[in-house]
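For the sequence shown, our numbering assigns the number 32 to the initial residue and increments by one for each residue that follows. All residues carry an ideal CB built from backbone N, CA and C; glycine is no exception. In what follows, a single structure is set out as structure tokens and then discussed.
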Amino acid sequence: MPKHTTEDRFGHLRTSIEIKPGERISICRCGASKEWPFCDGVHKTLPNNVGPAVVTVVPNGEGEETNKRTDA
Ligand code: FES
């Protein structure tokens, strides 16, 4: 699991996540994950359609931009 830290920034919590090129992470957007800030899949049990933000670091900045919807 990637290294992450959370700090107070002017009264708001800010989480920084260190990820390596080629690594892919899923960030929880539903707020219910026990592995927060990472998605643990519990969103699938909730009565809404909120899923994770999936982040991939493309090596050397290469790759294609995508805006497609995928199920997680
Ligand atoms: S557990 Fe929160 S988005 Fe997956």
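Legend entry - Counted within 10 angstroms of its Cβ, other Cβ atoms place P83 as buried (16 or more) or exposed: buried
Legend entry - Any non-hydrogen atom of the ligand FES closer than 7 Å to R55 Cβ: no
Inset, instruction - Any chance you could list the beta strand (DSSP E) runs of at least 3 consecutive residues sitting entirely within the segment 34-95, in chain order? - result: 34-40, 43-49, 55-58, 84-87
Inset, instruction - Would you mind sorting S47 into buried or exposed? The rule is 16 or more other CB atoms within 10 Å of its CB. - result: exposed
Legend entry - beta-carbon V85 near the ligand FES non-hydrogen atom, thresh 7 Å: no
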